[in-house]
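Student:
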Amino acid sequence: MGILLALLASFMFSLKPIFIKQVYQFGVGSEELMILRMWFAFPFYAFMLFLQRKALLEKRRYLLSVMAIGFLGYFLSSYLDLIALQSITASTERIILYAYPSLVIIIKALYDKKLPTKKTLVALTTVYAGILILLPRELNVAGSGMGIMLMFICALTFALYVILSKPLISRMGVGVFTSTAMVSSCLFTQVHFIHVEINEVLNFPMEVYVLALALAFFSTVIPSYAMSAAIAKIGSEKVAITGTTGPAFTVLFAVLILGETFSIYHAAGLTLVIAGVFLLSKK
């Protein structure tokens, strides 16, 4: 069940750049889309948190820690992702982001003060070779250098979220942890973008709101609970490794829905990233 939940989260998250790219075609900025996404997601999380209010009161000593993790994983990481997607393709976004399992391995090795094994070093080299294949092609696009850098930071913040969430999920439970972290993230978004005029997000075509709702429900609410449940069942490292199915889904949708070009370089990069993380998964 844990693997199935991790696969569900990976599939749903893989739709995120597709929804975002479609919204950007209407001239919507990253700030406006971030606000719409959280507006639509907030009622779901608030309702779930209301149902679990007694459990939240019992676990309130962990509240600040959960809020901090929510900020890291679903505010900061999401915002960096939105900005990066303004200058890089959806396929490249997923391939770079899904280097995060390797970051999970590296961070945990540093924390445990253990040197990576030879097999781990080979796997990490394979992952980053796949990313490096893409860089010269993407850097030919104006502004893409900044987008690539932001995606690396996004991958790092998400890796930290996956690692740090495990002990708190164990103490609080999947539902309370996820609902609290996401409600906090929604509130952080509203406070951060308080300077944005309300009229700026209320005058878009109806298609924008439909896509934003789909982004909020299918690529935020559902995968956030699925990922937390998967982490609770099989641990952060296995969830991260299972998540490498994401780029394959995104590349397929990017070609079929967005009409993006899938070159031999994308194929080589994707293959190396997935192969590298597969090596990491082998005992």
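If you want my numbering, it's the 1-based position in the sequence shown plus 1223.
Ideal Cβ positions, reconstructed from N, Cα and C, are used throughout, including at glycine.
Measure the alpha-carbon distance for Leu1256 versus Ile1319 and round it to whole angstroms.
Tutor: 22 Å
Student: Helix, strand or coil for Gln1248? Go by DSSP, reduced to three states.
Tutor: Coil.
Student: Pull up the CB-CB distance for Ile1241 and Thr1473, whole angstroms please, since I reckon it's below 8 Å.
Tutor: 7 Å
Student: Give every residue of the same chain whose Cβ lies closer than 6 Å to the Cβ of Ala1229, excluding the five residues on either side of it in the sequence, and list them in chain order.
Tutor: Ala1453, Val1462, Thr1465
Student: If I measure Cβ to Cβ from Phe1249 and keep anything under 8 Å in the same chain, skipping five residues before and after, which residues do I get?
Tutor: Around Phe1249: Phe1427, Pro1428, Glu1430, Val1431.
Student: Just mark Lys1244 as buried or exposed, buried being the case when its beta carbon has 16 or more other beta carbons within 10 Å.
Tutor: buried
Student: Give me, in chain order, the residues of the same chain whose beta-carbon lies closer than 8 Å to that of Leu1436; leave out the 5 immediate sequence neighbours on both sides.
Tutor: Non-local beta-carbon contacts of Leu1436 in its own chain, meaning distances under 8 Å to residues more than five positions away in sequence, involve Phe1263 in chain order.
Student: Report the CB separation of Ser1451 from Tyr1297 in whole angstroms; it is logged as a contact under 8 Å.
Tutor: With a Cβ gap of about 11 Å, Ser1451 and Tyr1297 do not count as contacting.
Student: Taking DSSP as the reference, what is the three-state secondary structure of Gln1309?
Tutor: coil
Student: Have a look at Phe1270 and Ser1402 and give me their C-alpha separation to the nearest angstrom.
Tutor: 9 Å
Student: Per the contact definition of three or more C-beta pairs closer than 8 Å, is the region 1364-1384 in contact with the region 1318-1332?
Tutor: Contact holds: three or more Cβ-Cβ distances are below 8 Å.
Student: What is the rounded straight-line gap between the Cα of Leu1280 and the Cα of Val1399?
Tutor: 10 Å
Student: Pull up the distance between the alpha-carbon of His1415 and that of Gly1252, whole angstroms please.
Tutor: 15 Å
Student: Looking at the structure shown, is Met1224 part of a helix, part of a strand, or coil, going by DSSP?
Tutor: coil
Student: Counting Cβ pairs closer than 8 Å, one from the region 1391-1398 and one from the region 1330-1344, do we hit at least three?
Tutor: no
Student: Indicate the three-state DSSP secondary structure (helix, strand or coil) for Ala1264 in the structure shown.
Tutor: helix
Student: For Ile1417, which of helix, strand or coil comes out of DSSP?
Tutor: coil
Student: Suppose contacts are defined by Cβ-Cβ distances below 9 Å. Is Ile1386 in contact with Val1327 by that definition?
Tutor: In this structure, Val1327 lies closer than 9 Å to Ile1386 by Cβ.
Student: In terms of residue numbering, what span does the alpha helix (DSSP H) encompassing Ser1393 cover?
Tutor: 1367-1395
Student: Please classify Val1433 as buried or exposed, where buried requires at least 16 other C-beta atoms within 10 Å of its C-beta.
Tutor: Exposed, by the Cβ-count rule.
Student: Go to Gly1293, then tell me how far its alpha helix (DSSP H) extends in each direction, as first and last residue.
Tutor: Where Gly1293 is concerned, the enclosing alpha helix (DSSP H) stretches over 1286-1293.
Student: Taking the alpha carbon of Gln1309 as the point to measure from, which residue in Thr1348, Gly1370, Leu1347, Ala1346 has its own alpha carbon closest?
Tutor: Taking Gln1309 as reference, the option from Thr1348, Gly1370, Leu1347, Ala1346 with the minimal CA-CA separation is Gly1370.
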